[in-house]
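Protein chains: 2
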Amino acid sequence: MQPEQIKKVNIKELARLLSLSTATVSKALKDSYEISEQTKKKVQEAALKYNYTPNPYASSLRKKKSKTIAVVLPEVDDNYFSLAIKGIQAIAEEKGYHLLMYLSHEKLSIEKAIIDACTSGRVDGVLISISKESNTASHLNQLIAEQIPVVFFDRAMDVFEAPRVITNDFESGYYAANLLLEKGCKKPVFLSVSSSLPICNLRAEGFLKALTDAGFKGKANDQLIYCDGTDAENYAQVKKLLKSKKRPDAVVGSVERLAIHAYFACQELGLTIPKDLKVVAFSSLEIAPILNPSLSTITQPAFETGKKAAEILFSNIEKPGKVKASETFILPTAYFERGSTL
Amino acid sequence: MQPEQIKKVNIKELARLLSLSTATVSKALKDSYEISEQTKKKVQEAALKYNYTPNPYASSLRKKKSKTIAVVLPEVDDNYFSLAIKGIQAIAEEKGYHLLMYLSHEKLSIEKAIIDACTSGRVDGVLISISKESNTASHLNQLIAEQIPVVFFDRAMDVFEAPRVITNDFESGYYAANLLLEKGCKKPVFLSVSSSLPICNLRAEGFLKALTDAGFKGKANDQLIYCDGTDAENYAQVKKLLKSKKRPDAVVGSVERLAIHAYFACQELGLTIPKDLKVVAFSSLEIAPILNPSLSTITQPAFETGKKAAEILFSNIEKPGKVKASETFILPTAYFERGSTL
DNA sequence: CTGAAAGCGCTAACAC
DNA sequence: GTGTTAGCGCTTTCAG
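The listed protein sequences correspond, in order, to chains A and B.
Note that our numbering numbers the first sequence so that position 72 is 245, with each residue one more than the last.
Note that our numbering numbers the second sequence so that position 95 is 268, with each residue one more than the last.
Rendered as structure tokens:
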């Protein structure tokens, strides 16, 4: 049997066992210069022996620092966000911070409640990718009021000033359209997952600009479709579009899932990609090359985005104002042409 | 402008503003029966007006409850785990709990550090899917010493008694082998991601049993291969296997990623699935039907597993001992035969 | 180099 | 129905 306690010791108990004051113990554990080497050693050994771990909340309360950050996302079961979390986690771990994960499920009301929970000292900073419904920043103002740094990643908010990490969205949208035009597409359509998210709008704008530049005259209405519902609704919408008489000959999915909907819809409708429909997706899907057919992607650096956003956040936690709220970090996407646009 | 404070108020300040005691305010905010309706109303309105949110850590310290649970996983950028988190989160949100997410990156040393961080009141409970290296339970003993409920999901530990939520692994392995034998495979191989995880071993055992039952005489060595390294190493190993002269005619991936490795390796080696190699995967990949070829899967109920595990955890947080440590919950898998085993 | 004491913000026992 | 008070476990002046 190891010398294990049933009852866990706190600093007071540990101090008593060592016949020292709690102050001395506290300092010794932090390797303070005020304490003699001998005492430090004694204390640290005892801490190990009695399996002492400081109560984090007592410490947080006193120091007004929680060593915790919040990540708030619309969803987790999504390639992009999983990878972004991984990037965030990597930095948080390195810095010794804890990670509270919250999901807004694309609802502003939930996002508000989450931000509320982040106030009053629960976290030292917030990383957020906003919900589709988030058209107001009033909830985020609470955070600045409490001087809690915020950093946007991927889905940022125009009306709120905070550092943001995004990709070259307009340009990527432009590229996607051009790729399709080069292949001879006459009726390409951009499937946008939201009419409010700047990131989607920029991609859509780039896409439309390319069409205009190429001399297309069609109404934007026919070139840009919003799939702004639930997963099931979006699928139904895509399927309906592909079944209709004004079926496009190409689609660009503003997010991975919409392109996947197109794949499934084609399968169900007996359409062949790329013959009947070409597909490009904004996606960081690793297995894009083994889809049927392999999927052409505009790949976002999801992991790096998470990492970068976390780095900025910590930089602002450690030195408030270090990274200005007006700064935007643009990480480049990469283009991979594959079978879906042959 | 809304009546917003720059300085955030605490309960003392709020009490002062209302000319009440902090005790009264505290009780009023909790809708205590001791307080008059009138006072409650006044307090609640003031709380709203001054945007008061209680400091969670002060409250935790006092109540010795954190309303927080920890989820510890080997990785997040994995379909299965993303979905499991989603299930966990759904229940946590419903119960009003906060979620700390930790990644062990398959390292026991990190897992130990994580569990350490979970002690001393940081969390009220722990949901864990252990790392490949976790062959000892000493770190988890800290949790029982502090009466912190633990529940395993997916990857459980044999040597530690805690409720667990898993799938019918042996049976599923058996099924996978039989499926391949029916298709006439002569040299099927099970790709196990770990020689220590019970969940993998059970799947492997089921697989081997089916071979034995079918009269196979081969050495287990040739029928069971451990891909227990990094992603890159595992890929290299799979590729080497498929290039070797004792190339199997079928593989079962104990986890999704190994099957995906096989797909990529085949692509690179010019092998055709299912002609040259049949593939079955333990996987909850939604897009299995649109792979090239579509992937036959043994689908684990990832979301439900997360949900169930969380439910058990909360049940034990609310009523310690409600669910016995010896209980095992088995959620059934579903079989989907697709193109990779035609 | 060590210790006494105050106090972070809250809640719960106990008075009144 | 409301207030007083002690104290959760820790850190941090400030004294000695």
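Every residue gets a Cβ at the ideal spot worked out from N, C-alpha and C, and that includes glycine.
Could you tell me whether the Cβ atoms of residue i and residue j are closer together than 8 Å?
{"i": "residue 423 of chain A", "j": "residue 472 of chain A", "result": "no"}
{"i": "residue 321 of chain B", "j": "residue 296 of chain B", "result": "yes"}
{"i": "residue 426 of chain B", "j": "residue 261 of chain B", "result": "no"}
{"i": "residue 380 of chain B", "j": "residue 347 of chain B", "result": "yes"}
{"i": "residue 246 of chain A", "j": "residue 216 of chain A", "result": "no"}
{"i": "residue 447 of chain B", "j": "residue 361 of chain B", "result": "no"}
{"i": "residue 277 of chain B", "j": "residue 266 of chain B", "result": "no"}
{"i": "residue 467 of chain B", "j": "residue 253 of chain B", "result": "no"}
{"i": "residue 452 of chain A", "j": "residue 432 of chain A", "result": "yes"}
{"i": "residue 271 of chain B", "j": "residue 240 of chain B", "result": "yes"}
{"i": "residue 335 of chain A", "j": "residue 323 of chain A", "result": "yes"}
{"i": "residue 280 of chain A", "j": "residue 306 of chain A", "result": "yes"}
{"i": "residue 430 of chain A", "j": "residue 461 of chain A", "result": "no"}
{"i": "residue 505 of chain A", "j": "residue 340 of chain A", "result": "yes"}
{"i": "residue 411 of chain B", "j": "residue 438 of chain B", "result": "yes"}
{"i": "residue 256 of chain B", "j": "residue 291 of chain B", "result": "no"}
{"i": "residue 302 of chain B", "j": "residue 328 of chain B", "result": "yes"}
{"i": "residue 514 of chain A", "j": "residue 352 of chain A", "result": "yes"}
{"i": "residue 464 of chain B", "j": "residue 436 of chain B", "result": "yes"}
{"i": "residue 300 of chain B", "j": "residue 244 of chain B", "result": "yes"}
{"i": "residue 219 of chain B", "j": "residue 187 of chain B", "result": "yes"}
{"i": "residue 184 of chain A", "j": "residue 483 of chain A", "result": "no"}
{"i": "residue 490 of chain B", "j": "residue 298 of chain B", "result": "yes"}
{"i": "residue 516 of chain A", "j": "residue 455 of chain A", "result": "With chain A covering only 174 through 515, there is no way to say anything about residue 516 of chain A."}
{"i": "residue 558 of chain A", "j": "residue 481 of chain A", "result": "Nothing about residue 558 of chain A can be reported from this structure: the residues present for chain A run from 174 to 515 only."}
{"i": "residue 250 of chain B", "j": "residue 203 of chain A", "result": "no"}
{"i": "residue 273 of chain A", "j": "residue 234 of chain B", "result": "no"}
Tell me where the alpha helix (DSSP H) around residue i begins and ends.
{"i": "residue 275 of chain B", "result": "Not the alpha helix (DSSP H): residue 275 of chain B falls in the beta strand (DSSP E), residues 271-276."}
{"i": "residue 446 of chain B", "result": "Unbroken run through residue 446 of chain B: none, as it is neither H nor E."}
{"i": "residue 230 of chain A", "result": "229-236"}
{"i": "residue 414 of chain A", "result": "404-416"}
{"i": "residue 393 of chain B", "result": "393-396"}
Buried or exposed for residue i, going by 16 or more other Cβ atoms inside 10 Å?
{"i": "residue 142 of chain B", "result": "Nothing about residue 142 of chain B can be read from this structure; chain B reaches only from 174 to 515."}
{"i": "residue 238 of chain B", "result": "exposed"}
{"i": "residue 287 of chain B", "result": "buried"}
{"i": "residue 332 of chain B", "result": "exposed"}
{"i": "residue 503 of chain B", "result": "exposed"}
{"i": "residue 450 of chain A", "result": "buried"}
{"i": "residue 275 of chain B", "result": "buried"}
{"i": "residue 221 of chain B", "result": "exposed"}
{"i": "residue 178 of chain A", "result": "Confidence at residue 178 of chain A is low in this model, with a pLDDT of 47, below 50, so its placement is unreliable and the value that follows should be read with caution. With fewer than 16 Cβ atoms within 10 Å of its Cβ, residue 178 of chain A is classed as exposed."}
Going along the chain, which residues of its own chain have a beta-carbon closer than 8 Å to the beta-carbon of residue i, five neighbours each way excluded?
{"i": "residue 212 of chain A", "result": "193, 197, 201"}
{"i": "residue 343 of chain A", "result": "375, 376, 378, 379, 382"}
{"i": "residue 384 of chain A", "result": "350, 354, 361, 391, 396"}
{"i": "residue 442 of chain A", "result": "412, 415, 416"}
{"i": "residue 227 of chain A", "result": "184, 202"}
Counting only the same chain and skipping the five closest in sequence on each side, list residues whose C-beta sits under 6 Å from that of residue i.
{"i": "residue 182 of chain A", "result": "223, 225"}
{"i": "residue 363 of chain A", "result": "377, 380, 397, 425"}
{"i": "residue 401 of chain B", "result": "367"}
{"i": "residue 195 of chain A", "result": "184, 185, 188"}
{"i": "residue 501 of chain A", "result": "337"}
What are the start and end residues of the beta strand (DSSP E) that includes residue i?
{"i": "residue 337 of chain B", "result": "337-340"}
{"i": "residue 478 of chain B", "result": "Unbroken run through residue 478 of chain B is the alpha helix (DSSP H), 475-491; no beta strand (DSSP E)."}
{"i": "residue 241 of chain B", "result": "241-246"}
{"i": "residue 423 of chain B", "result": "423-426"}
{"i": "residue 223 of chain B", "result": "Here residue 223 of chain B belongs to no beta strand (DSSP E), and DSSP marks it neither H nor E."}
{"i": "residue 507 of chain A", "result": "507-509"}
{"i": "residue 514 of chain B", "result": "Segment: none, residue 514 of chain B is in no beta strand (DSSP E) and carries neither H nor E."}
{"i": "residue 502 of chain A", "result": "501-504"}
{"i": "residue 457 of chain A", "result": "Run containing residue 457 of chain A: none; DSSP gives neither H nor E here."}
Could you check if residue i belongs to the surroundings of the ligand MG, using beta carbon to heavy atom distance under 7 Å?
{"i": "residue 319 of chain A", "result": "With respect to the ligand MG, the structure shown offers nothing to examine, as it has no ligands at all."}
Within its chain, find whatever has a CB closer than 7 Å to the CB of residue i; leave out the 5 residues flanking it on each side and keep chain order.
{"i": "residue 208 of chain B", "result": "197, 200, 201"}
{"i": "residue 386 of chain A", "result": "none"}
{"i": "residue 369 of chain A", "result": "305, 308"}
{"i": "residue 359 of chain A", "result": "422"}
{"i": "residue 499 of chain B", "result": "334"}
{"i": "residue 175 of chain B", "result": "In this prediction, residue 175 of chain B has a pLDDT of 42, which is less than 50 and means its spatial position is unreliable; what the coordinates show is noted afterwards. Correct list: empty, nothing qualifies."}
{"i": "residue 373 of chain B", "result": "365, 366, 367, 427"}
Practice prompt. Write down every uninterrupted run of the alpha helix (DSSP H) in the stretch 348-387 of chain A whose length is 4 residues or greater and which is fully enclosed by it, in chain order.
Written response: 371-386
Item to complete: Quick one: which unbroken beta strand (DSSP E) runs of 3-plus residues sit fully inside the stretch 249-325 of chain B? Chain order, please.
Response: 271-276, 298-301
Worksheet item: Which whole runs of the beta strand (DSSP E) in the stretch 174-213 of chain B are 3 residues long or more, in chain order?
Response: none
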